[in-house]
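Right, one structure below, let's go through it.
In the working numbering, the protein residues as written are 68 to 408.
Below is the structure:
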């Protein structure tokens with residue numbers, strides 16, 4: 068039945084409070100419509116990011132927390148608080164419990180408190196819809212638009228980490244039918260444990276001029292977005308972008324470009340040339356793989372890959388292997404979901 072959850076069901080949702088935080092003076096509670104956070108001493112800048120998530124049916128609560136917190140981390144902040152708006156297709160208590168348990172466990176792992184939100188049933192849906200707002204604090208905000216000419220572009224972990232986990236779970240049967248070994252899919256499904264970039268950002272943010280979190284549309288879209296925000300031109304080598312064997316197997320099996328699909332788990336960073344070693348060393352200490360994949364060009368003349376391409380390196384342009392990327396690609400998982408409708 069469409070509408071708010073009853074008190075008993077709502078109590079289940081309210082049980083997902085994540086980590087304890089003394090700055091939270093009013094958290095989620097029945098009858099309360101707002102949270103209260105004491106910002107005294109919390110940091111100089113409050114960073115806020117919001118994201119909805121619905122399509123990854125098996126792990127929607129886990130991914131919803133990570134996607135929102137990643138955006139805060141990719142701004143140089145430490146995620147601290149979450150508000151959680153949850154729409155359910157029915158009042159199935161098991162479905163509710165699954166989602167809120169995922170939210171609670173993931174928030175606790177990140178040290179983030181769930182401070183409020185809203186939960187109700189909307190029978191027009193066929194799967195849960197989680198909309199998360201994450202907040203965090205920092206004394207140095209790092210935007211997506213700070214890349215400078217000559218900066219090097221770094222990527223952590225690899226392309227399509229999130230998409231690999233989705234393909235291995237939501238599309239497991241299709242992958243098996245296409246010849247992907249079950250052992251490969253089992254390994255790929257564990258990529259869900261790596262979609263957070265909170266530790267990645269903490270490692271590189273002091274060296275970075277710009278940070279961005281690849282999500283829908285993957286690394287390719289993240290490059291376009293960061294280049295446009297920075298008013299710069301990016302030149303990238305496809306072979307330099309790390310793609311794990313499990314990712315390659317799943318993507319090849321279903322005809323998906325690893326650079327053009329859900330990329331949570333990777334962090335894109337622009338770093339001055341003299342800080343590249345510092346950034347890569349910090350990632351190594353944190354146990355996180357990192358690779359240099361390209362360069363921020365100086366302008367119309369270019370200084371590398373773009374020189375060999377036709378046309379000028381206009382601000383906001385992205386070139387991959389010398390070929391211009393005209394626009395952000397539509398995420399290549401969408402046709403797979405649409406084929407099921």
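Here a beta-carbon is modelled for each residue, glycine too, at the ideal position from N, C-alpha and C.
With 16 other CB atoms within 10 Å as the buried threshold, where does residue 344 fall?
exposed
Own chain partners of residue 373 with C-beta closer than 6 angstroms, once the 5 adjacent residues on each side are dropped
Bear in mind that the predicted position of residue 373 carries a pLDDT of just 40, short of 50, making it unreliable; the figure below should be weighed with that in mind. Cβ neighbours of residue 373 beyond the five flanking positions: 302, 364, 380, 386.
Touch check for the segment 210 to 221 and the segment 331 to 347: three-plus C-beta pairs under 8 angstroms?
Counting C-beta pairs closer than 8 angstroms gives three or more between the segment 210 to 221 and the segment 331 to 347, which meets the contact rule.
Which residues in the same chain have their Cβ closer than 7 angstroms to the Cβ of residue 125, if we skip the five residues on either side of it in sequence?
236, 237
Based on Cα-Cα distance, which residue from 406, 116, 392, 245 lies nearest to residue 280?
Cα-wise, what sits closest to residue 280 is 116.
3-residue-minimum beta strand (DSSP E) runs that sit fully inside the segment 321 to 359, ordered along the chain:
335 to 338
Is it a yes or a no for the segment 316 to 329 touching the segment 286 to 301, going by three-plus beta-carbon pairs under 8 angstroms?
yes
How do the segment 202 to 209 and the segment 311 to 323 stand: do at least 3 beta-carbon pairs fall below 8 angstroms, yes or no?
no
Identify whether residue 285 lies in helix, strand or coil by the three-state DSSP scheme.
helix
Determine the closest residue to residue 263 out of 197, 271, 129, with distance taken between C-alpha atoms.
129
Measure from the alpha carbon of residue 229 to the alpha carbon of each residue in 260, 180, 84, then state which is nearest.
260
CB-CB length for residue 150 against residue 178, believed under 8 angstroms:
Not a contact, Cβ separation roughly 17 angstroms.
Contact the segment 165 to 181 vs the segment 191 to 201: 3+ CB pairs below 8 angstroms
yes
At which residue ranges does the segment 147 to 227 contain complete beta strand (DSSP E) runs of 3 or more residues, listed in the order of the chain?
180 to 188, 196 to 205, 219 to 223
Can you have a look at residue 249 and say buried or exposed, based on whether 16 or more other CB atoms are within 10 angstroms of its CB?
exposed
Leaving aside the five residues before and after residue 395 along the sequence, list all residues of the same chain whose C-beta is less than 8 angstroms from its C-beta, in chain order.
284, 287, 288, 291, 292
Could you spell out where the alpha helix (DSSP H) holding residue 251 opens and where it closes?
249 to 256 is the extent of the alpha helix (DSSP H) around residue 251.
In this structure, how does DSSP classify residue 361 when only helix, strand and coil are distinguished?
strand
Buried or exposed for residue 155, going by 16 or more other Cβ atoms inside 10 Å?
Residue 155 should be labelled buried.
On the three-state DSSP scale, how would you describe residue 116?
In the structure shown, the three-state DSSP call for residue 116 is strand.
Would you identify the three-state DSSP class for residue 392, choosing helix, strand or coil?
coil
Express the C-alpha separation of residue 223 and residue 405 in angstroms, rounding to a whole number.
Our two residues, residue 405 and residue 223, have alpha carbons roughly 30 angstroms apart in a direct line.
Kindly give me the distance between the Cβ atoms of residue 122 and residue 134, rounded to whole angstroms, as I take these residues to be in contact under 8 angstroms.
Actually they are not in contact, since the Cβ atoms of residue 122 and residue 134 sit about 12 angstroms apart, beyond 8 angstroms.
Which one of 309, 402, 400, 180 has the shortest CA to CA distance from residue 356?
309
If I follow the unbroken beta strand (DSSP E) through residue 131, where does it start and stop?
From DSSP, residue 131 is part of no beta strand (DSSP E) but of the alpha helix (DSSP H) over 127 to 140.
Would DSSP call residue 300 helix, strand or coil?
coil
Where the beta strand (DSSP E) containing residue 277 begins and where it ends
277 to 279
CB-CB under 6 angstroms to residue 195, same chain, minus the five flanking residues each way: which ones, in chain order?
127, 155, 166
In this structure, how does DSSP classify residue 237 when only helix, strand and coil are distinguished?
coil
Taking 8 angstroms as the limit between beta carbons, can you name the residues of its chain near residue 269, skipping five residues before and five after?
140, 145, 353
Please state whether DSSP places residue 145 in a helix, a strand or coil.
strand
Since residue 385 sits in a beta bridge, which residues does DSSP pair it with?
301
How big is the Cα-Cα spacing for residue 401 and residue 107?
44 angstroms
Identified DSSP bridge partners for residue 246
In DSSP, residue 246 forms no bridge with anything.
What's the call for residue 397, buried or exposed, on a 16-neighbour Cβ count within 10 Å?
exposed
Where residue 88 and residue 180 are concerned, what is the direct C-alpha to C-alpha distance, given to the nearest angstrom?
6 angstroms
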